[in-house]
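Participant: Structure incoming, see below.
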Amino acid sequence: MQTQPNDTSDAMAKTIASVRSRFVATLEDRVLQLEHLKCQLSCTDKRSASLKMLQSEAHKIAGVAATIGFNEIGQRASEAENQIDLALARNLAQNDMSETLAVIDSFLDALENALDLPENW
């Protein structure tokens, strides 16, 4: 028996809905983790490791967010990932981190805005 196009699209929609639900369920914890990492950027000895962890999380979120309907989060995550990559490449000092921090804040704001959405959005 061949799979019908509607069966395939229904299965895909259910899969995306499931991934979206898991994403939303973990969002608050992710925001807290990312905010903690951002706070660690003020510690010179933890800056590089924290940037790498922030970049890794931004990369993961950028990869999935747009697919599950969170386009702004995906865009902000991608911007954060790219800005952090620049910061790591330049080995920026704390006083040169203002642009990177602003992009990370924008990313966090997008994540926090999603926390305010209705559950069935």
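Take any residue in the sequence shown, count from 1 to its spot, add 154: that is its number in this note's numbering. Ideal Cβ positions, reconstructed from N, Cα and C, are used throughout, including at glycine.
#1: Can at least three beta-carbon pairs, one atom from the segment 183 to 195 and one from the segment 252 to 269, be found at a separation below 8 Å?
#2: For ILE215, name the three-state secondary structure that DSSP assigns.
#3: Hey, quick one: how far does the alpha helix (DSSP H) through GLY228 stretch, first residue to last?
#4: According to DSSP, simplified to helix, strand and coil, what is GLU260?
#5: Is LEU188 closer than 8 Å to LEU269 when the C-beta atoms are compared?
Facilitator: With the given structure in hand:
#1: With the cut-off at 8 Å, the segment 183 to 195 and the segment 252 to 269 touch.
#2: In the three-state scheme derived from DSSP, where H, G and I count as helix and E and B as strand, ILE215 is classed as helix.
#3: 225 to 244 is the span of the alpha helix (DSSP H), which, as asked, contains GLY228.
#4: First, the amino acid is wrong: residue 260 is Ser here, not Glu. It is helical.
#5: Taking a C-beta distance under 8 Å as the contact criterion, LEU269 and LEU188 do not qualify as a contact pair.
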